[in-house]
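The next block holds one structure in the form of structure tokens; read it before the comments.
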Amino acid sequence: MTDKKVVAEAINPIHGNINYISELIPMAVKNRNNLTIAEEIIWQRVLRYKQTGYKFTRQKPIHRFIVDFYCSKLNLAIEIDGSSHNKKKGTDEMRDKFLHQIGIETIRFTNEQIINDIENVNKEILKACSHLALSRGGSRFPNRGVGLNLSTKPL
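In the working numbering, the protein residues as written are 6 to 160.
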């Protein structure tokens, strides 16, 4: 069930766009200018210049979070989990749940998956893009609060 308060504070009721905390912008810019090795690989080889057929942005503020990569047309967040995420699994799960409540699906990959198997990562991203494009029928938020199971298992 969708928490209506969460959706109300995260989504602009007039325009339908996703609000974000403006104080996150300097951190997002810093992150954008200091990508990890895995983030640089996935950006250059998979997500940059609409190589998926969709525009992705790097280090996108969404409400009170910054996601690694985001496609607004599909409402798809892609997160790259480095070693620091091993200690933050609970936080990551709460964040993914929040994003899901406002209609954003998240897929996660580890640094190792990207560095060692970028071809399969690319296939998983293309599959998720295709699934979301078909299931959402061109609308940005038709499944807000309704789940799509896009979780990836380690490759």
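Beta carbons: idealized from backbone N, C-alpha and C, even for Gly. Keep in mind the model is a prediction, meaning the values are calculated, not measured.
Cross-strand partners of residue i (DSSP beta bridge)
| i | result |
| --- | --- |
| Lys-25 | According to the sequence as given, residue 25 is Tyr; it is not Lys. DSSP output for Tyr-25 lists His-68 as bridge partner(s). |
| Asp-86 | Thr-115 |
| Thr-62 | Tyr-75 |
| Glu-110 | Leu-81 |
Cβ-Cβ separation, residue j to residue i (assumed contact under 8 Å), whole Å
| i | j | result |
| --- | --- | --- |
| Asp-86 | Glu-44 | Not really, about 11 Å apart at Cβ, beyond 8 Å. |
| Ile-112 | Ile-23 | About 18 Å separates the two Cβ atoms, so there is no contact after all. |
Close Cβ partners of residue i (< 8 Å) along its chain, the five nearest in sequence each way excluded
| i | result |
| --- | --- |
| Ile-46 | Ile-119, Ile-120, Ile-123 |
| Leu-40 | Trp-48, Arg-63 |
Limits of the unbroken alpha helix (DSSP H) element including residue i
| i | result |
| --- | --- |
| Asn-38 | 30-38 |
| Leu-139 | 123-141 |
| Ile-42 | 42-47 |
Cβ shell of residue i (< 7 Å), same chain only, five flanking positions each side left out
| i | result |
| --- | --- |
| Tyr-25 | Pro-66, Ile-67, His-68 |
| Ile-30 | Pro-66 |
| Leu-131 | Thr-57 |
Sequence-distant residues of its chain with Cβ nearer than 6 Å to residue i (five each side left out)
| i | result |
| --- | --- |
| Ala-33 | Gln-64, Pro-66, Ile-71 |
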